[in-house]
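*Asks:*
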Amino acid sequence: MLRLNSQDVHQLLHNKFVDILGDSIQRSVYKYLIQLLQSDSLLTSSQMKSKGEFSFENDHLIEGGVLDGLHNGIRYQEVRQYRACYHLIHFYFLTWIYSEYFESILEDFRVGLQPDVLNLNSCIWDVSRYGPSSMMEYRKNLEIAFNKLDADLPPSCLVIWNMTMPLGPRIKSGFLIPELQHLSQTLCQDIIEGNFYGGTLAGLHLFDMVDLHFHFCFDMGNSVKDGIHWDNVVHRWITNLLLTQLANAWRVVIPKKNPWGTKAGSIGASWSIPRQQLDGSTKNVIAPVSMTSYSFPTMRGHRCLSQDFPALRSPKASLFAQTMSSEMWPSTTFIAIRGPPRIPSCDPPRPSLVYPVPCRSSLPLHPGQFTVGQIIDLPCRTI
């Protein structure tokens, strides 16, 4: 797993549209992601517990939440949006992996911007709140939802399925209403069964997976008292796991950071100069290529966030869904191209993507016509 800081995340997600779907765990993933785009600080416990607020770290509530009233029912909705000059991140709260509400989210993708990254998970609500046959319904809904995603999302979209995290021995979370407290004894096993179905189907659809259950099943000491949620250190780890998955899928090699306790410029320092081979050659070092002009790609799935996009889901969204400005467009953009999406690669190891001293965003637009690891020098321009 990579240890990424705010600057790395800012570059890795440059000009990317990320959609996050799921429950309160996924909401914390969303919150940590937009936090990392702005600073390296950890979230506080109160920030992670809050839900449905009007604004969090410069994002906006688009639908649901405090606008419709906070509750723990299966009809609860929450749609959030974080928008900056070169980043767009959405969050949709799900209580069911496939429903009419999920169809409305897919309709957003059909008529509006299509995401570059879709990260989703839904299991705990599905197997606990919908009757005695909820596990069988969950299996059916998973297959329907994955088929819909395959049909409606472009091949350029990277779909990442998060495995559900382990649960504590005693569950006291608000979503488990008093009538369902007897499920707290069996829900741990139900989650494992649900993860098996979700992981198997995600593999058949060639979706990427992050097995959070595997990573944290022996780390229950960092879970909070309700048996469902986790502390801020674990969620920082989850965010790094997700971003590592993105970097691997896009074939971006992040420079290694300083080991704890070492000084800048020592072994392992980030943003270091290219390392030459033993024979003195630098054929594996990425070299800059001068470009006198550059036209923005117009292929489907290769649009840039500088273009206009419509209001999202409701009239409330029109306040935030405006034209994204590029008046401060960077003069140099670093390009790192991934191969065919969702297809396992057997390529040999690629050279590291070497950055200069970071002073601005430097990862990329969608550059369909360039080669892996190529760096281009873009002139300043205003769209």
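The opening position of the sequence shown corresponds to residue 112 in our numbering, with each subsequent residue numbered one higher.
For every residue, glycine included, the Cβ atom is placed at its ideal position computed from N, Cα and C.
1) Apart from the five residues just before and just after LEU278, which ones in its own chain have a Cβ nearer than 7 Å to its Cβ?
2) Considering only residues of the segment 290–339, which uninterrupted alpha helix (DSSP H) runs meet the minimum length of 4 residues and lie entirely inside it, listed in chain order?
3) Please list the terminal residues of the continuous alpha helix (DSSP H) segment that includes ARG221.
4) For ILE200, list the residues DSSP reports as bridge partners.
5) Here's a check: name, in chain order, each residue in its chain whose Cβ is nearer than 8 Å to the Cβ of GLN356, leaving out the five neighbours to either side.
6) Run through the DSSP bridge pairs and tell me what GLY175 is partnered with.
7) If we ignore side chains and look at the alpha-carbon of each, how far apart do SER161 and GLY314 end up?
8) May I ask you to report which of helix, strand or coil DSSP gives TRP341?
9) In this structure, what does DSSP give as the bridge partners for VAL363?
10) In whole angstroms, what separates the C-alpha of SER239 from that of GLY180?
11) Taking ASN183 as part of the beta strand (DSSP E), name the residues at either end of that continuous run.
12) Do the segment 232–247 and the segment 125–143 touch if we need at least three Cβ pairs shorter than 8 Å?
13) Could you compute how far the alpha carbon of TRP207 sits from the alpha carbon of VAL228?
14) Under the three-state reduction of DSSP, which class applies to LEU354: helix, strand or coil?
15) Which of the three DSSP states, helix, strand or coil, is assigned to LEU113?
16) Is TRP207 near the ligand MN, with its Cβ less than 7 Å from a heavy atom?
17) If we ignore side chains and look at the alpha-carbon of each, how far apart do TRP341 and HIS121 end up?
18) Indicate the three-state DSSP secondary structure (helix, strand or coil) for TRP272 in the structure shown.
19) For GLN192 versus HIS201, is the C-beta spacing smaller than 8 Å?
20) Taking the continuous beta strand (DSSP E) assigned at VAL228, which residues delimit it?
21) Say whether the segment 209–227 touches the segment 144–156, bearing in mind that this needs 3 or more beta-carbon pairs closer than 8 Å, one atom from each stretch.
22) Determine the contact status of HIS198 and LEU124, defining contact as a CB-CB distance below 8 Å.
23) Around the Cβ of ARG194, are there at least 16 other Cβ atoms within 10 angstroms (buried) or fewer (exposed)?
24) Thinking just about the alpha-carbon of each residue, which of ASP119, MET331, LYS336 is nearest to the one in ILE282?
25) Kindly give me the distance between the Cβ atoms of MET246 and LEU323, rounded to whole angstroms, as I take these residues to be in contact under 8 Å.
26) Please classify VAL140: does DSSP put it in a helix, a strand, or coil?
27) Does the distance from the CB of ARG250 to the CB of TYR308 come in under 8 Å?
28) Going by CA-CA distance only, name the one from LEU148, VAL344, MET331, PRO366 that's closest to CYS196.
29) Skipping 5 residues on each side, what residues in its chain have a beta carbon closer than 8 Å to that of VAL344?
30) So, for SER117: in the same chain, excluding its five sequence neighbours on each side, which residues have a beta-carbon less than 8 Å away from its beta-carbon?
31) If you follow the alpha helix (DSSP H) that ILE282 is in, where does it begin and where does it stop?
32) Per DSSP, what kind of secondary structure is TYR241 in: helix, strand or coil?
33) Could you have a look at ILE235 and say whether DSSP puts it in helix, strand or coil?
34) Answer with buried or exposed for ILE145, where buried requires no fewer than 16 other C-beta atoms within 10 angstroms of its C-beta.
35) Mind checking ILE365: buried by the 16 CB within 10 Å criterion, or exposed?
36) Residue range of the alpha helix (DSSP H) that SER157 falls in?
*Replies:* Considering the structure as presented:
1) Answer for LEU278: LEU298, CYS299, ILE302, GLY338, ILE339, listed in chain order.
2) Taken in chain order, the complete alpha helix (DSSP H) segments of 4 residues or longer contained in the segment 290–339 are 298–315, 323–327.
3) Run containing ARG221: 211–222, per the alpha helix (DSSP H) assignment.
4) Beta-bridge partners assigned by DSSP to ILE200: VAL129, TYR193.
5) Excluding positions up to five away in sequence, the list reads ILE271, ASP319, VAL321.
6) Answer is GLU189.
7) Roughly 34 Å separates the two Cα atoms.
8) Reduced to three states, the DSSP call for TRP341 is strand.
9) Partner(s): none; VAL363 has no beta bridge.
10) SER239 and GLY180: Cα-Cα distance of roughly 23 Å.
11) Taken as a continuous stretch (DSSP letters only), ASN183 belongs to no beta strand (DSSP E), as it is neither H nor E.
12) Contact between the segment 232–247 and the segment 125–143 is present, with at least three C-beta pairs closer than 8 Å.
13) Here the alpha carbons of VAL228 and TRP207 stand approximately 20 Å from one another.
14) Correct three-state label for LEU354: helix.
15) Assigned with DSSP and collapsed to three states, LEU113 falls in coil, not helix or strand.
16) The ligand MN is not part of the structure shown, which contains no ligands of any sort.
17) For TRP341 and HIS121, the distance between alpha carbons rounds to 25 Å.
18) In the structure shown, TRP272 adopts extended strand secondary structure according to DSSP, grouped into three states.
19) Yes, they are a contact pair.
20) The continuous beta strand (DSSP E) containing VAL228 extends over residues 228–231.
21) No contact exists between the segment 209–227 and the segment 144–156.
22) Yes, Cβ-Cβ distance for HIS198 and LEU124 is below 8 Å.
23) Per the 10 Å Cβ criterion, buried.
24) Per the Cα distances, LYS336.
25) Not confirmed; about 20 Å, so no contact.
26) Here DSSP, grouped into helix, strand and coil, assigns VAL140 to helix.
27) When the beta-carbon positions are compared, ARG250 and TYR308 come within less than 8 Å of each other.
28) Relative to the Cα of CYS196, the nearest Cα in the group LEU148, VAL344, MET331, PRO366 belongs to LEU148.
29) Cβ within range, chain order: LEU153, ASN333.
30) Counting only residues of its own chain and dropping the five nearest sequence neighbours on each side, SER117 has a CB closer than 8 Å to the CB of LEU147, LEU148, GLN149, SER150, ASP151.
31) In the DSSP assignment, ILE282 falls outside any alpha helix (DSSP H) and carries neither an H nor an E.
32) Here TYR241 sits in coil by DSSP.
33) Three-state DSSP puts ILE235 in coil, outside helix and strand.
34) So ILE145 ends up on the buried side.
35) By the neighbour-count rule (16 or more Cβ atoms within 10 Å), ILE365 is buried.
36) Counting along the chain, the unbroken alpha helix (DSSP H) around SER157 starts and ends at 156–160.
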